[in-house]
Amino acid sequence: MARPNIDGVINMDKPTGATSMDMVRMIKRLTGVKRVGHAGTLDPIASGVLPICLGQATRLMEHMVDGRKIYRGELALGVSTDTYDAQGEAVEERPWDAVAREQLEALLPQFTGNVQQRPPMYSALKHQGRRLYDLAREGLEVERPAREVAVFNLALTEWAPPRAVIEAECGRGFYMRTLAHDLGEALGCGAHLSALARLRAGAFRIDDALQSEHLQQAADTGSLDDLILPPDAALVDLEAVAVPPAAERQLRNGQSVPLSEAALTAEHAEQRRAYGEHGRFIGIVRFNRAQSVWQPEKVFNISAPSPLAPEGA
């Protein structure tokens with residue numbers, strides 16, 4: 006039976022082998038909610054944090070996809086594959102036994118910062134209207150311009166050659182598979198990504214993520230709703246602010262709020278998550294510096310008070 010009134014986020018731990026859409030279909034089945042989506046695809050080979058958005062929370066998926074991620078990737082030295090990961094066919098094997106830990110660690114700064122990264126052929130990006138992975142399966146390879154991606158930190162956490170484990174903190178559009186391939190080429194031995202786990206996606210971390218078995222048990226016992234986080238749980242990276250009733254009415258009606266009419270300041274962040282009377286989540290507001298007003302960017306119709314509302318809301 007459909008339950009259209011559930012709005013929230015489930016921090017899910019996707020298992021290896023399942024697709025991200027498999028998890029979406031599972032949540033639809035367990036909750037009866039039709040409007041469900043995920044905030045950032047994980048390949049079947051990958052496991053880890055996959056935020057699942059329900060109802061009005063699906064409007065926050067773009068914000069969530071833009072958030073920082075942390076990945077733990079296992080590299081297999083000595084073998085290059087056509088997909089850059091373990092699902093592909095080996096295209097070259099080279100000796101790896103002469104590679105030292107210090108060599109790999111010395112390379113990491115070159116791949117940190119705002120760097121240019123070329124997407125793999127086996128990816129969901131499009132070329133002239135067609136997915137790259139479809140072209141690759143036909144034996145075609147097309148030019149793929151490098152794109153700038155943000156890599157905030159890289160660390161070698163395990164070294165047991167030919168196996169090496171790297172943790173990467175990065176922004177949107179980063180491919181761990183490409184990093185594995187590029188590091189292998191720089192070392193001269195080749196490499197591919199043999200395992201991948203997402204440890205963090207924006208506000209959501211692996212330590213709090215729920216496995217599918219846990220969710221199924223909760224659904225069977227009628228306690229699944231207790232595991233659904235409020236939509237604004239996806240926005241804890243934004244400063245929270247409580248606004249007075251007059252400003253709340255303006256924001257909910259799509260009107261801008263002058264600085265003098267709300268408990269908002271123009272300092273620091275360009276965006277805030279706003280709360281109104283009784284701690285009800287209003288939405289995201291953005292500061293317009295040209296007009297010195299706060300404008301409603303996304304407004305939500307959620308009647309229940311949020312446990313994340315600041316004091317005074």
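Sequential numbering of the sequence shown, starting at 6, is according to our numbering.
Positions of the beta carbon are idealized from the N, C-alpha and C atoms, including for glycine.
Short check: CB of T88 to CB of P125, under 8 Å? Residue mapping note: residue 88 aligns to position 83 of the sequence shown, counting from 1. Residue mapping note: residue 125 aligns to position 120 of the sequence shown, counting from 1. A contact, by the Cβ cut-off of 8 Å.
Considering only the alpha carbon of each residue, which of P236, F157, R99, G93 lies closest to V120?
Taking the first residue of the sequence shown as position 1, residue 120 is located at position 115. Measuring from the Cα of V120, the nearest candidate turns out to be F157.
Exercise for review: Compute the Euclidean distance between the alpha carbons of A191 and V170, then round it to the nearest angstrom.
Suggested key: Taking the first residue of the sequence shown as 1, we reach residue 191 at position 186. Taking the first residue of the sequence shown as 1, we reach residue 170 at position 165. Rounded to whole angstroms, A191 to V170 spans 16 Å at the Cα level.
| field | Nearest-angstrom Cβ-Cβ length linking L198 and L80, presumed shorter than 8 Å | value | Along the sequence shown, read from residue 1 onward, the residue named residue 198 stands at position 193. Along the sequence shown, read from residue 1 onward, the residue named residue 80 stands at position 75. Confirmed, Cβ separation roughly 6 Å.
Where DSSP assigns a beta bridge to E244, which residues make up the other side? Start at 1 with the first residue of the sequence shown, and residue 244 comes out as number 239. In DSSP, E244 forms a bridge with R277.
query = Going by Cα to Cα distance, which pick from E218, P312, D213, L109 is closest to P20?
reply = In the sequence shown, the residue the question calls residue 20 occupies position 15. Per the Cα distances, E218.
- Task: Using 10 angstroms around the beta-carbon of H283, count the other beta-carbons present and answer buried if the total reaches 16, otherwise exposed.
- Result: Taking the first residue of the sequence shown as position 1, residue 283 is located at position 278. H283 comes out exposed.
*Write down the C-beta distance between L82 and A196 rounded to the nearest angstrom, noting that I regard them as a contact closer than 8 Å.*
As a first step, residue 82 must be located in the sequence shown, where it is residue number 77. As a first step, residue 196 must be located in the sequence shown, where it is residue number 191. Contact flag correct, Cβ pair sits at about 5 Å.
Query - In chain order, each alpha helix (DSSP H) run of at least 4 residues that lies wholly inside the segment 173–235 - result: 181–192, 217–225
* To do: Quick one: residues in its chain with C-beta nearer than 7 Å to the C-beta of E275, no 5 flanking neighbours on either side, listed in chain order?
  => In the sequence shown, counting from the first residue as 1, residue 275 sits at position 270. Within the same chain, E275 has close Cβ partners R291, F292.
Original post:
So, A44 versus D12, is the Cβ gap smaller than 8 Å?
Top reply: For the purposes of this step, residue 44 is identified with residue 39 of the sequence shown, where counting begins at 1. For the purposes of this step, residue 12 is identified with residue 7 of the sequence shown, where counting begins at 1. For A44 and D12, no; Cβs fall outside 8 Å.
- Please go through the same chain and pick out, in chain order, the residues whose beta-carbon is closer than 6 Å to the beta-carbon of Q216, but skip the five residues on each side of it. Against the sequence shown, residue 216 aligns to sequence position 211. Taken in chain order, the residues that qualify are D18.
With distances taken from CA atoms, which of R277, V41, A295 is nearest I287?
Counting from 1 along the sequence shown, the entry for residue 287 is found at position 282. Ranking R277, V41, A295 by Cα distance to I287 puts R277 first.
Buried or exposed by the 16-neighbour rule on C-beta atoms within 10 Å, applied to E253: For the purposes of this step, residue 253 is taken as residue 248 along the sequence shown, with counting starting at 1. Flag for E253 reads buried.
query: Expressed to the nearest angstrom, what Euclidean distance is found between the alpha-carbon atoms of A105 and P150?
result: Within the sequence shown, numbered from 1, the residue matching residue 105 stands at position 100. Within the sequence shown, numbered from 1, the residue matching residue 150 stands at position 145. Rounded to the nearest angstrom, the two C-alpha atoms are 32 Å apart.
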